[in-house]
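Numbering (the numbering used here), first residue to last: 235 to 864.
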């Protein structure tokens with residue numbers, strides 16, 4: 235009888251007990267069986283082992299050096315893995331971790347007995363938050379991971395001696411079947427040294443095997459492995475990675491991340507910097523068909539062979555809207571290698587270096603580029619911007635301003651099997667609708683490769699392009715030249731012309747962008763979110779705020795004096811106004827006042843119109859304000 239519950243079970247001689255299904259009772263939870271067999275008497279003593287749950291509010295508190303139960307910051311425990319285990323027993327909850335350094339001290343997923351195999355492990359339905367101050371009684375509002383470093387360190391033995399470091403800081407094995415309900419948020423994972431036999435040669439920071447945790451606001455730094463220095467994903471692992479940084483990690487393949495065995499992570503808004511590998515310094519992936527790499531930055535990574543930023547081999551999902559700058563490959567693909575059907579969309583590839591070919595991108599076999607800007611890259615031999623080896627395809631890309639020591643400063647395609655459509659480049663790249671004039675960037679020397687207003691690439695791309703959003707987050711296509719027709723621009727950036735009307739709803743794009751309306755949805759012109767007298771279209775013409783019920787065009791005040799009478803209305807410096815007069819509303823006839831009454835206000839705010847005598851006798855005069863674009 236333990237914690238108010240009663241348990242009995244008959245176990246066969248030399249048999250194994252089967253764990254009963256029990257729930258938490260008085261904060262006691264069934265953990266497992268402990269059995270001892272007496273060889274002399276033949277008796278088998280079986281005990282049910284229970285753990286006492288302290289985190290009754292669903293939160294367990296952890297602080298470096300803590301010796302408490304984890305029930306509060308004042309009573310924080312010091313063992314991070316024990317805290318995760320405790321919340322796992324509850325079924326769901328959170329672990330809050332203060333600034334400090336934490337080392338793995340157990341084997342939650344195997345390797346018992348070998349010190350270097352000790353590791354941390356996440357659990358389903360357990361959210362682990364780092365970055366809390368180590369003093370006081372902080373809540374989530376006080377959490378700041380960049381200021382309060384919660385470090386999970388694999389430096390187990392002599393400080394600075396990597397030979398005795400943990401193989402993995404976190405290890406999720408095949409039997410964990412971890413899903414995205416497991417969250418790690420606000421931690422730094424460092425000093426994993428995966429230098430053992432398989433699987434301890436992969437994923438120094440984190441090894442995922444058939445495991446798909448969620449990682450947010452984490453930094454992986456100074457981890458080393460043969461495969462995937464910071465992280466290795468295998469056996470159909472699909473982690474979600476948001477706003478994380480991978481800095482100064484090292485491996486043979488995948489200096490930061492390697493993905494094999496149908497593993498397809500979703501990586502968003504993350505940074506890969508100063509990582510090192512022979513192939514794919516930032517990332518190496520093979521057949522990651524549902525992979526997402528979106529809005530990431532790859533900078534200053536180095537491959538001693540191929541793929542300075544990344545090496546993608548096979549169908550590799552959605553890889554789009556990334557910035558790939560300042561990377562290096564000693565052989566091919568200073569920015570990236572795209573092989574066997576992998577595709578890069580809507581990205582900037584600039585200022586990268588390849589010792590041999592493909593300073594920006596090396597397209598191997600059937601690699602593909604669409605809506606990318608490839609500029610200011612350098613190759614030691616061929617293809618400063620792009621080297622094509624096979625039957626790859628390139629569409630709506632700018633490949634301009636690159637250099638090569640041998641041939642093809644912008645593009646090198648020795649087999650002539652590649653295809654090019656609606657690109658901007660020099661004549662060594664041939665294809666339909668090729669723009670050979672300079673693309674006219676805003677400030678290329680400063681790294682600004684957006685299109686200037688006079689660029690020949692504006693509205694010059696192909697119809698039906700697959701990229702719906704540009705590198706800045708603008709929708710595509712827009713009417714960049716304000717001619718009434720929306721066509722995608724060539725390159726990674728779309729041009730917003732404030733006078734354009736991309737969806738033909740009589741609301742100019744500059745107005746829709748300013749007020750958060752949909753530049754490609756004409757239906758929003760008829761909406762009236764602030765419930766004032768005018769819909770969005772009318773407010774756009776008047777340049778008033780469609781979300782402020784007090785902001786709409788109207789005469790707000792009339793001051794009547796012998797001469798003049800003053801009329802006031804809210805005005806915009808970006809609109810012109812005409813005062814109209816009628817003496818017969820039934821006839822619906824309005825006349826403009828003399829030209830002097832048409833005004834463009836010098837500043838926003840209340841505008842006034844001074845009405846003097848008209849020199850004629852009328853029974854009644856009615857006035858109104860008409861607004862228009864200048």
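For glycine and all other residues, C-beta sits at the position ideal for the given N, C-alpha and C.
Is the closest heavy atom of the ligand FMN to the C-beta of residue i under 7 Å?
i: residue 802; result: The ligand FMN is absent from the structure shown, which contains no ligand whatsoever.
Considering only the beta carbon of each residue, do residue i and residue j sit closer than 8 Å?
i: residue 585; j: residue 560; result: yes
i: residue 655; j: residue 696; result: yes
i: residue 404; j: residue 352; result: no
i: residue 427; j: residue 388; result: yes
i: residue 714; j: residue 744; result: no
i: residue 302; j: residue 294; result: no
i: residue 544; j: residue 570; result: yes
i: residue 741; j: residue 716; result: no
i: residue 760; j: residue 771; result: yes
i: residue 857; j: residue 814; result: yes
i: residue 436; j: residue 456; result: no
i: residue 416; j: residue 356; result: yes
i: residue 519; j: residue 486; result: no
i: residue 709; j: residue 703; result: yes
i: residue 430; j: residue 462; result: no
i: residue 805; j: residue 784; result: no
i: residue 532; j: residue 514; result: no
i: residue 594; j: residue 568; result: yes
i: residue 727; j: residue 685; result: yes
i: residue 646; j: residue 639; result: no
What is the rounded straight-line gap between the Cα of residue i and the Cα of residue j?
i: residue 791; j: residue 757; result: 34 Å
i: residue 349; j: residue 407; result: 17 Å
i: residue 673; j: residue 503; result: 28 Å
i: residue 609; j: residue 632; result: 8 Å
i: residue 393; j: residue 335; result: 13 Å
i: residue 479; j: residue 764; result: 41 Å
i: residue 851; j: residue 817; result: Residue confidence for residue 851 is low, a pLDDT of 45 falling below 50, so the modelled location carries little weight; the figure read from the coordinates is stated next. Cα to Cα, the separation comes out at about 11 Å.
i: residue 587; j: residue 327; result: 48 Å
i: residue 260; j: residue 499; result: Any reading at residue 260 must be qualified, since the residue scores a pLDDT of 43, below 50, and its modelled position is unreliable; the value itself is stated next. Computed Cα separation, rounded: 40 Å.
i: residue 363; j: residue 414; result: 15 Å
i: residue 494; j: residue 682; result: 35 Å
i: residue 510; j: residue 701; result: 31 Å
i: residue 419; j: residue 668; result: 47 Å
i: residue 880; j: residue 859; result: This structure cannot settle anything about residue 880, because the visible part of the chain is limited to 235 through 864.
i: residue 596; j: residue 750; result: 39 Å
i: residue 753; j: residue 746; result: 6 Å
i: residue 554; j: residue 699; result: 13 Å
i: residue 323; j: residue 315; result: 12 Å
i: residue 776; j: residue 811; result: 10 Å
i: residue 577; j: residue 592; result: 16 Å
i: residue 453; j: residue 422; result: 5 Å
i: residue 383; j: residue 298; result: 12 Å
i: residue 793; j: residue 861; result: 21 Å
i: residue 369; j: residue 313; result: 18 Å
i: residue 374; j: residue 329; result: 12 Å
i: residue 809; j: residue 800; result: 20 Å
i: residue 722; j: residue 607; result: 14 Å
Which partner residues of residue i appear in the DSSP bridge assignment?
i: residue 461; result: 436, 487
i: residue 475; result: 449, 501
i: residue 443; result: 468
i: residue 861; result: 811
i: residue 804; result: 840
i: residue 295; result: 330
i: residue 532; result: 506, 558
i: residue 384; result: 334
i: residue 597; result: 572, 622
i: residue 544; result: 517, 570
i: residue 402; result: DSSP lists no partner for residue 402.
Assuming residue i and residue j make a contact with CB atoms under 8 Å, what is their CB distance in whole Å?
i: residue 540; j: residue 563; result: 5 Å
i: residue 365; j: residue 379; result: 3 Å
i: residue 590; j: residue 565; result: 5 Å
i: residue 481; j: residue 507; result: 5 Å
i: residue 636; j: residue 611; result: 5 Å
i: residue 618; j: residue 648; result: Actually they do not touch by this definition, with Cβ atoms about 15 Å apart.
i: residue 469; j: residue 443; result: 5 Å
i: residue 558; j: residue 658; result: At roughly 18 Å, the Cβ-Cβ gap does not stay under 8 Å, so residue 558 and residue 658 are not in contact.
i: residue 473; j: residue 447; result: 5 Å
i: residue 526; j: residue 501; result: 7 Å
i: residue 670; j: residue 661; result: 6 Å
Next on the checklist: Check whether the region 610-628 and the region 585-602 are in contact - that is, three or more C-beta pairs closer than 8 Å.
Outcome noted: Touching, yes.
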